[in-house]
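S.K.:
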Amino acid sequence: MLQINKDPNNQTDVPDPKEILRSCITCGCCNDICPTFTVLNDENDGPRGRINLMRDMIENGKAPDAHTVKHLDRCLTCTACQTICPVGVDYMHLIDKARVEIEENYTRPFLDRIIRNMLADTLPNPEKFLSKMALARRFKWTAPLLEVVRPLRPLAALLKSVPSTPPRREDILQPGYFTAKSKQQAKVLIPSGCVQKIIDSDINRAAIDLLTAAGVDVVLPENDKCCGALELHLGKSERTLQKARDNIDVWYPLLEEGLDAIVITTSGCGTTIKDYGSLLAKDPDYADRAAAIANIALDITEFLSRITLPGPIVQPDIEVAYHAACSLQHTQRVKFEPRKLLIDAGFKLQRPRDENMCCGSAGTYSFLQPEIAGELQRRKADSLSEGKPDVIAGGNLGCLTHISQATDIPLVHTVQLLAWVYTGKKPNALG
Amino acid sequence: MFDDMRLVVWRRTFVGDLQKLLPHCEVLGQDRTDRAFQTFGRLGSDAGPLAVVYALSTSDVVAAVQFCRRHGITVLPRGAGTNLTRAVSKQNGVVVICTSRMRQIKDFDPANGLITVQAGVRNQAVSEYVGSEGWFYAPDPSSRRNCTIGGNIATNSGGGMCLRYGTTVNNIVALTIVLDDGRLLETGSAALETQGTDLATLICGSEGQAGIVTEAVLRLTPQAPDRSAALVAFADRDSALKFGSRILASGILPRQLDYFDGQVAAMCEAVCPSGYPKHSKALVLVDLAGSREVLLKDCKAIKALSEGLGRVIAFATGPEKAAALWRGRERIYLGAARAGRYVMTDSAVPLSQLGALLTEIDKLCEAAGLLHMTTAHLGDGTVHSFIFHKAGAENEAEAAANAIRLKSLRLGGTLTAEYGIGSALRDLLPKQFSPDDLRLQNRCIAQLRGASHVARTTPHQSGNSSCASFEPQTEQEVSDILRLESAHVFRPSGNGAQEEKSDVSCLSAKALDGVTRYVPRDGTVTVRAGMRVSDLTALLGENGQRLPFDLPTRRLAQTEGTIGGIVALSAPSPRDAFGGGLRDAILAARMVTGLGECVATGAGVIKNASGLDLIKFLAGSRGHLGFFTEVTLRVTVDQGPDITKAIEGIASKDFAPMVTQALRAGWPVSGALHFSQELARKLELSDSPTMLLRLTPGRWGAISRLPGFRLPDDRASPIWNRLGQALDLDASPSWTIKCRPDEAGVIAERLDRTGGEILQEWRRGLLRFAHPSFNEAEIIEKTLRSFTTARAHPACRIGAGPNHSYPPPVGLQLLKPAFDPHGRFWLPCQNLTNN
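These protein sequence lines map, in sequence, to chains A and B. Quick note: the first sequence uses my numbering, first residue 2, plus one each step. Quick note: the second sequence uses my numbering, first residue 57, plus one each step.
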């Protein structure tokens, strides 16, 4: 049977933010790699500056001021700084903690608050999301008008990102049990997801096709929820914890029935699910189960590189530019698996310039900070299309939709390309 | 309470006004203290700068500095804030002027390898920008990805490659500096010729005290065609150190030569597996650059040199493999950080004392019960000790580190070789420098800041002073003479030769003869200033060594010149353009100032970041500022007489690209001249325009592969050593034209059509031109006025026409009052007033 080799010392205790702060030696190595620092070139907008801004709040318990909030809001949480940090400062948990502090102790301007609440309410809830999207499409024309008013720019960005063709309800992938088509080698669970299932159910379909073809049973559970990542990054950690508990309630019984892995097809969610262990470490009821869930959570590319894939059916003769999502390359440190899978499948892989730069999507960031996100989007689209690839592949839906606004090259999930090679079903985006 | 309110209001108006003054720059701090800027000083909670200005150009910096000066606010320059010495620590109520957004690359001259950048350009960005043209910027601090050129200059930073390519001070050509009161100061010029003192060398390493560097012209280094690396393991530390000296003595000049102990190897291996053996006591990593042919030879030589001492573990040929072998060593900070909390030192000692220092470090740390590991640059004597400590026990580790630093001083080294003093080591500075030394350094800073209490020197008038000759035996005597004989104005002299018609007293160094310290293994020599150059070269010759710079032979032959004399003169030579000038070789000196203080400056090691580096500034001061009593110079392995190749048929504008090409092919060029057709004929070199390349013998490929013919030594050496005389340029009507290096070829070509004799020097933008029937008006027309200065032979001057002369070095005027406030040393009037 398959062995999921995870780090046995998987860290599940909550890192003490004060301790993280103290570990920073303020050397400044992180500045050059930080996307917002390269765009804005302000010490306040680099990781070192942000850590210094957090000091008062976290060490001395002072209420955050508007200045601190402005600069912390500009952080993408791409954690590129964590990759390069010579002392390994756990920046991600630090900024998460700071966001909670801000949410609790700072009153945002009225419009800002409304928009944030709306995002946190709508996006993770598929039903609300579908209905709001229909509404938004009707008001899409107002985007240029809204853009003129500074506080309304997030709304404009939101409206602009709404696809002009409505997603059809019948396209949404329904929960179920998908049996392996060849000799069973493992059984996995794929979280049914929130936004992705509405915008692009094809990703999970491709994943299921590929996994079942490779001899993996796939469960798509019925009542699970959004993983909570969105709200976590908006500082609403209580809601995240509730979502995590709900999901554990659904997933853990399945785990006990025998699951080899929880396979995640959107890397942004993967980061949070892999972190369930430390998020719930202080909850005596859930700590153990959360740790068990986190321990078998894997990105789809991680999982695929640990199993035997069937023989290829298609010989693809196209060039692929791989976009490394920050949540994969920096936070989860999954760098080589996706590339190796694509090369092994016979694709010609390009290495775009500035791979470690964020594309600016970063969850709700592209709506809340449209200026910076736009600049990063342009830079990323430029560097990806430099080698004139036939297709851009990535592991995170957020990045893919964001980048697609700035380039004509089709964008697909890595697993869609792999499914094409091993099952023969060509992704729709490639015609 | 009320006062607080007033302060808030004042602050708001102050910052608001500053923003209004600089509408296009971002000014932070309107309603808060900026915590983000409190790096490297995490103590209090509510301190912070008053405002932060992100300047975009030199004029922004000037405006901001003047504004702050008017309000009596201190200004603190800041680059990327990557220093390790709490240099830009938080201070209450200062205005931080941040140059990190000044990221323009203003000019790049690929043929001469010069680049003009703004201060905020990152170190690595320079190398990236010029990489495709085959150049790179050599100073390599570990923070090179982030740190800015401005910050590099302020701290005179460098890394492992300094042995071969020098630190920042050796790689800057010209600077634009905004002084404390908003005055703009430009040192040097795009033309490399620096006559007399070079103020840039004093600014470099002044840690922002003297002013804010806003623009710099940098000297680039040609990329070597190939790279190799070797890893050698040893059973004990002494063998490793011995291996290091063997390599240096063999004449191999590695890019980097690093020693590290077994623990460091294990630490690096843990973060980045690079194939370092786990159970070795000591390791040496050698990094070599050159043409493939030379590298093969070098690798063989390294194998032979390691015999009987250690074992070669790996050879890596090719840039990628060599970089891979070094990767682990480069991750040393990551490894150390993962291993625990630590304090680090960067002191340096003369190479022969390395063993002693390392043993002492072991003892010190053992006594303090602290874990430590060590790595050292065997080429320049820098020792990095990582002293690990438990949380909260930082003070103990810091004390041990300070003990190591002081020990290095006692062994003849320096407190800090790379990081600088900052506010971290300020308290230790008096251990390295005497009160007099520090007073002089402070006076220099005050003078640059234009502080009003510093008197201006009055130049002496002829006929006012009595005339005598002194020949002091000791330094103390020099000091006594200067303090007691107040009626005299002195002109320092090497061997006591009086200038004719002199109305000043002669202070001769003749009796100050002898070697103070010479251990061939150190690669340095310390001698008293009156030692004859011929004696020193003979002594060095006996040990297979030589001085690394060109000696001005003609003057030496006439006057039996002394070491003090050649340092005071610091005559320009063709080697300057290749990093082999006298300023690159002088490390330390003792001198007596006009006040009779005996001061020391610099340190007897190749890399020194402690204190103000006065010595490089004093080189070329011609005795106007003080009297040298002792000088420390770098020496190199003597590899035999230089070889000169003459290549015929090179047009004047192809000259610079040709030299660049030769450098990039890995030829060890140490001089390059170009002669016009007329001049080549006159010298009987050939019948067409000819270029001369001087090559260092020894480690290189077959000379026959380079085109052209070899010039016999007896014909070549007069040309190199007695340039003016050999060409007879001093006698006939001639001009010396100083222009931008990238324009030299074009101007030479234009002048060439007149059939005159033209000599061109590579990279220095220096042309010498002689034509029997040519006048000044014509020369201005022919060169289209594109030169910066042109000095004409008296015979060429017509009437009262414009005489373009060299401006006197600005640094000399500016700093004379700091060294010699009462005008005890000679300074002819015109030197001060001729602008």
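Quick reminder that beta carbons are idealized off the backbone N, C-alpha and C, glycines included.
1. In chain order, which alpha helix (DSSP H) runs of at least 4 residues are fully inside the stretch 694-742 of chain B?
2. Using a Cβ-Cβ distance under 8 angstroms, would P87(A) count as near chain B?
3. Identify every run of the alpha helix (DSSP H) within the stretch 279-324 of chain A, keeping only runs that are complete inside it and at least 4 residues long; order them along the chain.
4. Check L749(B) in the structure and name its three-state DSSP category.
5. Identify whether F337(A) lies in helix, strand or coil by the three-state DSSP scheme.
6. Would you say A397(A) and T267(A) are within 8 angstroms of each other, going by their C-beta atoms?
7. If we define contact as Cβ-Cβ less than 8 angstroms, is N32(A) a contact residue for chain B?
8. How far does the alpha helix (DSSP H) with F875(B) in it extend, from its first residue to its last?
9. Looking only at its own chain, which residues have a Cβ that is under 8 angstroms from the Cβ of E96(A), when we skip the five neighbours before and after it?
10. Name, going along the chain, the residues of the stretch 369-400 of chain B whose beta-carbon falls closer than 8 angstroms to a beta-carbon of chain A.
11. For H433(B) and R142(B), I'd like the C-alpha separation in whole angstroms.
12. Which bits of chain B does C400(A) rub up against, with CB to CB less than 9 angstroms?
13. What residues of chain C sit near A136(B), judged by a beta carbon separation below 7 angstroms?
14. In this structure, does DSSP put C654(B) in helix, strand or coil?
15. Starting from the beta carbon of N42(A), find every residue of chain B whose beta carbon is closer than 7 angstroms, and list them in chain order.
16. For N777(B), would you say it is in contact with chain A, using Cβ-to-Cβ distances shorter than 8 angstroms as the test?
17. Can you name the residues of chain A whose CB is closer than 8 angstroms to the CB of S199(B)?
18. For a minimum of 4 consecutive residues, which ranges assigned as the alpha helix (DSSP H) are wholly contained in the stretch 229-274 of chain B?
19. Which residues does DSSP list as the beta-bridge partners of S441(B)?
20. Flag N202(B) as yes if its beta-carbon sits less than 8 angstroms from any beta-carbon of chain A, otherwise no.
21. Considering only residues of the same chain and omitting the five flanking positions on each side of K663(B), which have a CB-CB separation below 7 angstroms?
22. Are the C-beta atoms of P16(A) and some chain B residue less than 8 angstroms apart?
23. Where does the unbroken alpha helix (DSSP H) through P36(A) begin, and where does it stop?
24. With distance defined between alpha-carbon atoms, name the residue in A455(B), L352(B), G469(B) and R397(B) nearest to S408(B).
25. Extract the residue ranges of the beta strand (DSSP E) inside the stretch 187-262 of chain A, only unbroken runs of 3 or more that lie entirely within it.
26. Does DSSP put W776(B) in a helix, a strand or coil?
27. Starting from H414(A), follow the beta strand (DSSP E) in both directions and report where the run begins and ends.
28. Please work out which residues of its chain come closer than 7 angstroms, Cβ to Cβ, to G29(A), disregarding the five sequence neighbours upstream and downstream, and give them in chain order.
29. Look up K182(A) in the DSSP assignment and say whether it is helix, strand or coil.
30. So, with DSSP's three-state summary, where would you put L419(A)?
31. Mapping DSSP to helix, strand and coil, what is S590(B)?
32. Looking at the unbroken beta strand (DSSP E) that takes in L287(B), where does it start and where does it end?
33. Compute the beta-carbon to beta-carbon distance between P87(A) and Y389(B), rounded to the nearest angstrom, for a pair I have assumed lies under 8 angstroms.
34. So does the stretch 332-350 of chain B actually touch the stretch 304-320 of chain B, counting three or more Cβ pairs closer than 8 angstroms?
35. Just verifying my parser: in three-state terms, what is the DSSP assignment at K98(A)?
36. Closer than 6 angstroms by C-beta to L221(A): which residues in its own chain qualify, once you throw out the five before and the five after it? Chain order, please.
M.R.: Per the coordinate set shown:
1. Taking only runs of at least 4 residues, the alpha helix (DSSP H) segments lying wholly in the stretch 694-742 of chain B are 711-720 and 733-738.
2. For P87(A), the answer is yes, since a Cβ of chain B falls inside 8 angstroms of its Cβ.
3. Segments of the alpha helix (DSSP H) lying fully in the stretch 279-324 of chain A: 288-297 and 301-305.
4. If DSSP states are grouped into helix, strand and coil, L749(B) belongs with the strands.
5. Collapsing the DSSP output to three states places F337(A) in a helix.
6. Going by the sequence as given, residue 397(A) is Asn instead of Ala. Yes. Within cutoff.
7. At least one chain B Cβ lies under 8 angstroms of N32(A).
8. For F875(B), the enclosing alpha helix (DSSP H) starts and ends at V866 to F875.
9. Checking the sequence, you will find Ile at residue 96(A) rather than Glu. R51, M55, L73, C76 and T78.
10. Residues of the stretch 369-400 of chain B with a C-beta less than 8 angstroms from any C-beta of chain A: Y389, L390, A393 and R394, listed in chain order.
11. In this structure, the alpha-carbon of H433(B) lies about 24 angstroms from that of R142(B).
12. Residues of chain B passing the Cβ test: none, with the nearest at roughly 25 angstroms.
13. As a matter of chain content, chain C is missing from the structure shown, whose protein chains are A and B.
14. If DSSP states are grouped into helix, strand and coil, C654(B) belongs with the strands.
15. Near N42(A) (Cβ distances below 7 angstroms), the residues of chain B are S156 and R157.
16. Among the residues facing chain A, N777(B) is not included, as its CB has no counterpart in that chain under 8 angstroms away.
17. Neighbourhood of S199(B) in chain A, by CB distance below 8 angstroms: C28, G29 and C30, in chain order.
18. Taking only runs of at least 4 residues, the alpha helix (DSSP H) segments lying wholly in the stretch 229-274 of chain B are 255-259.
19. DSSP, once it has assigned bridges, lists T430(B) as partnering S441(B).
20. For N202(B), the closest Cβ of chain A is nearer than 8 angstroms.
21. Setting aside the 5 residues that flank it on each side, K663(B) is surrounded in the same chain by G214, C218, T223, A404, D436, T438, A473 and E474, each with a C-beta closer than 7 angstroms to its C-beta; the list follows chain order.
22. Interface with chain B (8 angstroms Cβ-Cβ cutoff): P16(A) is excluded.
23. P36 to L41 is the span of the alpha helix (DSSP H), which, as asked, contains P36(A).
24. It is G469(B) whose Cα lies nearest to the Cα of S408(B).
25. As far as the stretch 187-262 of chain A is concerned, its whole beta strand (DSSP E) runs of at least 3 residues are 187-190 and 217-221.
26. Secondary structure of W776(B) (DSSP, three-state): helix.
27. L412 to H414 is the extent of the beta strand (DSSP E) around H414(A).
28. Answer for G29(A): R49, listed in chain order.
29. Note: K182(A) maps to coil in three-state DSSP.
30. It is helical.
31. Residue state, collapsed to three classes: helix.
32. In the DSSP assignment, L287(B) falls within the beta strand (DSSP E) that extends over D282 to F290.
33. About 5 angstroms separates the beta carbons of P87(A) and Y389(B), which is inside the 8 angstroms limit, making them a contact pair.
34. Yes, the stretch 332-350 of chain B touches the stretch 304-320 of chain B.
35. DSSP places K98(A) in helix when its eight states are reduced to three.
36. Correct list, in chain order: P176, G177, I191 and S193.
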